[in-house]
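Every number in this note's numbering is 39 more than the matching position in the sequence shown, counting from 1.
Glycine included, C-beta positions come from ideal geometry on N, C-alpha and C.
Notes for the one structure printed next.
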Amino acid sequence: MATLKSTKIETSDGTISANLNITDSTGLSFTKAGYFGATALTSGTSVSWDAGSNQSAVLVLGHNATIANATNHANGGVYILKVTQNSSPKTLSWNSNYKWPGNTAPTMTATAGAVDVFTFVSDGTYMYGSFSGSQNFT
């Protein structure tokens with residue numbers, strides 16, 4: 040076990056890579072906003088999503104597509120997928136490990152350029168999706 044005894048960590052390029060286990064009851068405190076940079080997924084008839092490396096992802100829908108079961112998602116993880124319709128609207132379906140309220144997957148907005156945002160919480164096996172009020176941004 041290691042103890043951090045400094046309040047400041049500096050690196051030459053400004054990046055820090057570490058696995059942290061916070062045991063202090065106060066948790067983490069940030070002085071600036073934290074975020075996960077959005078990663079572009081590749082459009083195809085089946086769209087792969089490595090959620091462990093792409094917690095926030097974007098997809099420009101160029102095909103009638105199915106989002107394949109996400110890989111490497113963690114129990115308690117929160118994941119975001121922003122989907123934008125191409126100039127010729129396409130359909131989007133979801134593989135069986137995506138669960139939706141009422142067991143009804145959303146229908147992608149069928150307007151050129153429309154944006155739908157899907158948020159998921161994982162239990163390590165399934166991705167539980169939410170989309171209410173998060174569709175048809177233009």
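Buried or exposed for residue 164, going by 16 or more other Cβ atoms inside 10 Å?
Here residue 164 corresponds to residue number 125 of the sequence shown, with the count starting at 1. That one is exposed.
Could you name the residues of the same chain whose beta carbon sits closer than 8 Å to that of residue 87, not counting the 5 residues immediately before and after it, in chain order?
Stepping through the sequence shown from its first residue, residue 87 is reached at position 48. Here the set comprises 80, 81, 107, 110.
Of all the options 130, 149, 168, which has the alpha carbon lying nearest to the alpha carbon of residue 141?
Residue numbering aside, residue 141 sits at position 102 when the sequence shown is read from its first letter. The shortest C-alpha separation from residue 141 is found at 168.
So residue 103 packs on residue 143, CB below 8 Å; how close in whole Å?
Translated into positions along the sequence shown, residue 103 becomes position 64. Translated into positions along the sequence shown, residue 143 becomes position 104. Contact flag wrong, Cβ pair sits at about 19 Å.
Using the Cβ count rule (16 or more neighbours within 10 Å means buried), how would you classify residue 40?
Taking the first residue of the sequence shown as position 1, residue 40 is located at position 1. At residue 40, the pLDDT of 47 sits below 50, so the modelled position is not reliable and the matter cannot be decided from this model.
Quick check: the stretch 116-124 against the stretch 142-161, are at least 3 beta-carbon pairs closer than 8 Å?
yes
Report the three-state DSSP secondary structure of residue 91 (helix, strand or coil).
For the purposes of this step, residue 91 is taken as residue 52 along the sequence shown, with counting starting at 1. Residue state, collapsed to three classes: coil.
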